[in-house]
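Chemist: Residue numbers (full-length UniProt numbering): 1 to 425. Even for Gly, the Cβ is constructed at its ideal location relative to N, Cα and C.
1) In angstroms with no decimal places, state the Cα-to-Cα distance between residue 190 and residue 266.
2) For residue 107 and residue 356, what's the separation of their Cα atoms in angstroms?
3) Apart from the five residues just before and just after residue 382, which ones in its own chain have a Cβ nearer than 7 Å to its Cβ?
4) I want to know whether the region 180 to 200 touches the region 285 to 298 - three or more CB-CB distances under 8 Å.
5) Please classify residue 413: does DSSP put it in a helix, a strand, or coil?
6) Is the Cβ-Cβ distance between residue 288 and residue 252 less than 8 Å?
7) Does the region 74 to 90 come within contact of the region 137 to 151, defined as at least 3 CB pairs closer than 8 Å?
8) Going by DSSP, what residue range makes up the alpha helix (DSSP H) through residue 54?
9) Does DSSP put residue 311 in a helix, in a strand, or in coil?
10) Within its chain, find whatever has a CB closer than 7 Å to the CB of residue 214; leave out the 5 residues flanking it on each side and keep chain order.
11) Going by the CB atoms, is the gap between residue 48 and residue 169 shorter than 8 Å?
12) Assuming residue 261 contacts residue 274 (C-beta within less than 8 Å), just tell me the rounded distance between them.
13) Would you check if the region 165 to 184 and the region 305 to 313 touch, i.e. whether three or more CB-CB distances between them fall below 8 Å?
14) If you reduce the DSSP assignment to three classes, tell me which class residue 269 lands in.
15) Give me, in chain order, the residues of the same chain whose beta-carbon lies closer than 6 Å to that of residue 248; leave out the 5 immediate sequence neighbours on both sides.
16) When the Cβ atoms of the region 317 to 330 are set against those of the region 54 to 73, are three or more pairs found closer than 8 Å?
17) Closer than 6 Å by C-beta to residue 393: which residues in its own chain qualify, once you throw out the five before and the five after it? Chain order, please.
18) Taking residue 225 as the reference, give the member of 73, 68, 52, 358 with the closest Cα.
19) Quick check for students: name the residue ranges of the beta strand (DSSP E) that lie wholly in the region 185 to 219, counting only runs of 3 or more.
20) Are residue 40 and residue 243 touching if we call contact CB-CB under 8 Å?
21) For residue 413, which residues of its own chain have a beta-carbon under 6 Å away from its beta-carbon, when the five flanking residues on both sides are left out?
22) Leaving out five residues on either side along the sequence, give the residues of the same chain with a beta carbon under 8 Å from the beta carbon of residue 264.
23) Taking just the CA atoms, how far does residue 352 sit from residue 5?
24) Given this structure, state the Cα-to-Cα distance separating residue 162 from residue 348, to the nearest angstrom.
25) Output the boundary residues of the alpha helix (DSSP H) element that contains residue 75.
26) In whole angstroms, what is the alpha-carbon distance linking residue 193 and residue 204?
27) For residue 366 and residue 101, I'd like the C-alpha separation in whole angstroms.
28) Within its chain, find whatever has a CB closer than 8 Å to the CB of residue 74; leave out the 5 residues flanking it on each side and keep chain order.
29) Terminal residues of the continuous alpha helix (DSSP H) containing residue 232?
30) Please report how far the alpha carbon of residue 196 lies from the alpha carbon of residue 177, in whole angstroms.
31) Considering only their Cβ atoms, is the gap separating residue 83 from residue 147 smaller than 8 Å?
32) Please classify residue 389 as buried or exposed, where buried requires at least 16 neighbouring CB atoms within 10 angstroms.
33) Have a look at residue 179 and residue 232 and give me their C-alpha separation to the nearest angstrom.
34) Our contact map puts residue 70 next to residue 129 with C-beta atoms below 8 Å; I'd like the distance itself, whole angstroms only.
35) Could you pull out every residue in the same chain whose Cβ sits closer than 6 Å to the Cβ of residue 283, ignoring the five residues on either side in sequence?
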């Protein structure tokens, strides 16, 4: 197995470097590949498929709940179920990340069982509070306690190729986002299956995937003892700016995932075709999560994150001018590609401003907890704007503006680390 001795990226050596600059890491050997490393990536891919990928299908649930179980609830109220799930996916990392740093990969076993239980319990739900507890709260917490540990574990094995490895990992969420919406849509239209068995079949798929993760995900570094959380990290400007910047991006990122099928139907697209929009979006997101990661390892993770998020913000602002079936399908494809890069690069960028590999889980968990607050409120705000004004214009503008503000913050962090425009960061 080949190894490369590397250290975390350093600030440009000049007289202005001070305590807020990125701390230096002791040289650490990273395998950068090998059977064990890629088996960890496989397990992390399965977790990404079962957590983020499953959540990417919430638009199908939203449509179904609106027409059946929760027809008396507003669109904004129903979107809170998905938003709570997204929130806990991120904020659950505040527990999962530090626990991984201290106890290793064995901590994923309990949330792996819990996420399957969440899906099975959802299949039995009939009322709003039941969906909220089973799908939103339990599913979200279980996902969060799975997601951060596996992302951290992959980072233990890769440094020079970290963005590419994590891109492959989170491509699982895109593939899940292709499979789950199509499968759910077809099964929900099958009267012999009904809602209960349609969701249970999804639960068995997730069970198979998390079993693979439980077998393959293994930590490499010894446990980190000491403080569980490291609040002093927020005294370093790059870490704080990156965390806040990605939080603003996430505030607007999920709007098309929740509302694009409804938007398309409002302009005459039939329900069957509109149900495929999320699959189209997630299909292009597979390439959007892998290719930018590969390029980012060559020309800079921050550089590519800024480009992708800038394009995503522009697309959100252009959304309001798109009304034909063909243009909506093209929008879904482009949005999937560029937004996919944000999801794949946020963890490598956070890891890049972490002083030591054995602190990545904790730093990632603290950032994800803050990002989760944005995930909680973003789509309900858009739902409220939709109900207040009766059009999607305000929701699209809100999502685009907060996305672009996030770009500004991450750009400031990038120039804090490297002052020159063309440097690799």
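Modeler: This is what the structure gives:
1) For residue 190 and residue 266, the distance between alpha carbons rounds to 24 Å.
2) 21 Å
3) Only 255, 259, 395, 398, 399 meet the Cβ criterion.
4) no
5) helix
6) No.
7) yes
8) 52 to 55
9) DSSP places residue 311 within a helical segment (H, G or I) once states are collapsed to three.
10) 108, 109, 112
11) yes
12) 4 Å
13) The region 305 to 313 vs the region 165 to 184: no contact.
14) coil
15) 402, 405, 406
16) The answer is no - the region 54 to 73 does not touch the region 317 to 330, with fewer than three Cβ pairs under 8 Å.
17) Cβ within range, chain order: 320.
18) Taking the Cα of residue 225 as reference, the smallest distance to any Cα among 73, 68, 52, 358 is reached at 358.
19) none
20) no
21) 238, 241, 242
22) Taken in chain order, the residues that qualify are 273, 274, 277, 325, 328.
23) With a pLDDT of 42 at residue 5, under the threshold of 50, the modelled position of that residue is not reliable, and no figure is offered here.
24) 7 Å
25) 75 to 91
26) 15 Å
27) 13 Å
28) 383, 387
29) Unbroken run through residue 232: none, as it is neither H nor E.
30) Cα-Cα distance, rounded: 20 Å.
31) At a Cβ-Cβ threshold of 8 Å, residue 147 and residue 83 do not count as neighbours.
32) That one is exposed.
33) 41 Å
34) The pair is not a contact, with the Cβ atoms about 11 Å apart (cut-off 8 Å).
35) 178
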